[in-house]
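Structure first, then comments.
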Amino acid sequence: MSKFGKPCYYCGKLSTGKEHIPPQMLFKEIVCDKITVPSCDHHNMDKSGIDQSIIAGFSLSLQSLKKDPKFKNVTDKVPQNAFNSGNFKTKDCVKKSVYLKPIISPFTGAKLPLPDMSYLESVPDLKDWLIKITAGLVRDGLRRFEPNIDWNSAITVNPSVTNLNGIKGLEETQRNVDRANEIKSKKPWYRGWPSGKRDYPKNVFQFCLHFTNNKTFFYYTFYSVFHFYVEITLNTSIQKELFERKPTVIGVYP
Ligand SMILES: [Zn+2]
1 MSKFGKPCYY
11 CGKLSTGKEH
21 IPPQMLFKEI
31 VCDKITVPSC
41 DHHNMDKSGI
51 DQSIIAGFSL
61 SLQSLKKDPK
71 FKNVTDKVPQ
81 NAFNSGNFKT
91 KDCVKKSVYL
101 KPIISPFTGA
111 KLPLPDMSYL
121 ESVPDLKDWL
131 IKITAGLVRD
141 GLRRFEPNID
151 WNSAITVNPS
161 VTNLNGIKGL
171 EETQRNVDRA
181 NEIKSKKPWY
191 RGWPSGKRDY
201 PKNVFQFCLH
211 FTNNKTFFYY
221 TFYSVFHFYV
231 EITLNTSIQK
241 ELFERKPTVI
251 GVYP
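Going by our numbering, the letters in the sequence shown line up with residues 1 to 254, in that order.
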């Protein structure tokens, strides 16, 4: 069915195309089914170069991880194509919006599997990117646009690379890690519905869900390395509808 003329997954205005959730660039050279949702031009992150910028940032971070033999067990799980997305040659707007900055990881000794690593400074707002992915999954989960969700109130937690928009100090980092651990210990977690018969490979992307009284938590893992949470208020009837997609219970987060 045509994706044109349906409500945009994010704003509800007439769509002009489709957006891949998560970005198709993650799955370069990988055969799998992909989730797409109707999108207006303004909320199409692929067209705007935001996807390229953030995924190039992942890739550059992975390249720096790979140099450290301590993290061989982490980087061995990551598909080869993931290391190449940083060599972006296409859009100038992407080159302008990503650059690396050295960082000393505040996580040394914090039981997180990340080393001192290069750090992505990215003009695109990572929080906004994660919230749009969440909106896309909710659109796909409900199979319709739901106008009564306040995406501006969504909260994102990024325990793996503290804060992509600037270093705000260790205190904030510790709060972020504590909050992430608190969310992670919630149960049960449900594995999100598959993208199709050929689901997304788990070493590239997976998402899990946890429901409480009208709060819904999305837990994302990109390339087995980057973990993010999004917390959003969804009323119980929307939660029920998402449940009809039959997410599988997995108990504690894997
Ligand atoms: Zn829109």
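Ideal Cβ placement from N, Cα and C applies to all residues, glycine included. As the structure is a prediction and not an experimental result, all values here were calculated from the model.
Over what stretch of residues does the beta strand (DSSP E) that includes residue i continue unbroken?
i: L255; result: Coverage of the chain is limited to positions 1 through 254, which leaves residue 255 absent and any answer about it impossible.
i: E241; result: Per DSSP, E241 belongs to no beta strand (DSSP E); it is in the alpha helix (DSSP H), 236 to 243.
i: W129; result: Not the beta strand (DSSP E): W129 falls in the alpha helix (DSSP H), residues 126 to 142.
i: T156; result: 155 to 157
i: W189; result: 189 to 191
i: F222; result: 215 to 222
i: H227; result: 226 to 233
i: S39; result: 35 to 39
i: K18; result: 17 to 21
Where do the N-terminal and C-terminal ends of the alpha helix (DSSP H) with residue i fall, by residue?
i: V78; result: Looking at the DSSP string, V78 is not in any alpha helix (DSSP H), and its letter there is neither H nor E.
i: G57; result: 50 to 66
Just to confirm before moving on: does the CB-CB distance between residue i and residue j stay below 8 Å?
i: V230; j: I149; result: no
i: L126; j: I183; result: no
i: T156; j: F228; result: yes
i: C32; j: R198; result: yes
i: I50; j: T134; result: no
i: T75; j: D41; result: no
i: N81; j: I30; result: yes
i: L142; j: I238; result: yes
i: M25; j: Q52; result: yes
Would you say residue i reaches chain D, if we count a Cβ-Cβ gap shorter than 8 Å as a contact?
i: T36; result: The chain inventory of the structure shown lacks chain D, comprising one protein chain alone.
Which residue wins for smallest C-alpha separation from residue i, given the options the options?
i: S195; options: S185, Q206, P188; result: Q206
i: P22; options: I238, H210, W129, K197; result: W129
i: K202; options: I35, K187, N44, V78; result: V78
i: S61; options: S237, T233, E244, F222; result: F222
i: P38; options: G12, L26, S237; result: G12
i: L14; options: K34, I35, E29, N44; result: N44
i: A180; options: N158, S48, R191, D76; result: N158
i: V204; options: A154, C40, S59; result: S59
i: S185; options: C208, E241, V138; result: C208
i: Y190; options: P247, D68, N152; result: P247
i: K6; options: F145, K70, S48, S64; result: F145
i: W193; options: T212, V225, E241; result: E241
i: A154; options: K215, H210, N176; result: K215
i: L234; options: P147, Y220, K187; result: P147
i: N73; options: T236, V225, F211, V249; result: V225
i: S48; options: K18, F71, F27; result: K18
i: Y9; options: D68, K34, A56, R139; result: R139
i: T236; options: Y220, F27, N213; result: N213
i: K187; options: F211, D178, V177; result: F211
i: H20; options: K67, Y200, D68; result: Y200
i: A56; options: F27, T36, V249; result: F27
For ligand 1, is there a heavy atom less than 7 Å away from the beta-carbon of residue i?
i: H20; result: no
i: H210; result: no
i: K240; result: no
i: S48; result: no
i: K13; result: yes
i: S39; result: yes
i: Y10; result: yes
i: H227; result: no
Do residue i and ligand 3 come close, with the Cβ less than 7 Å from some heavy atom?
i: N44; result: What this structure holds is ligand 1, not ligand 3.
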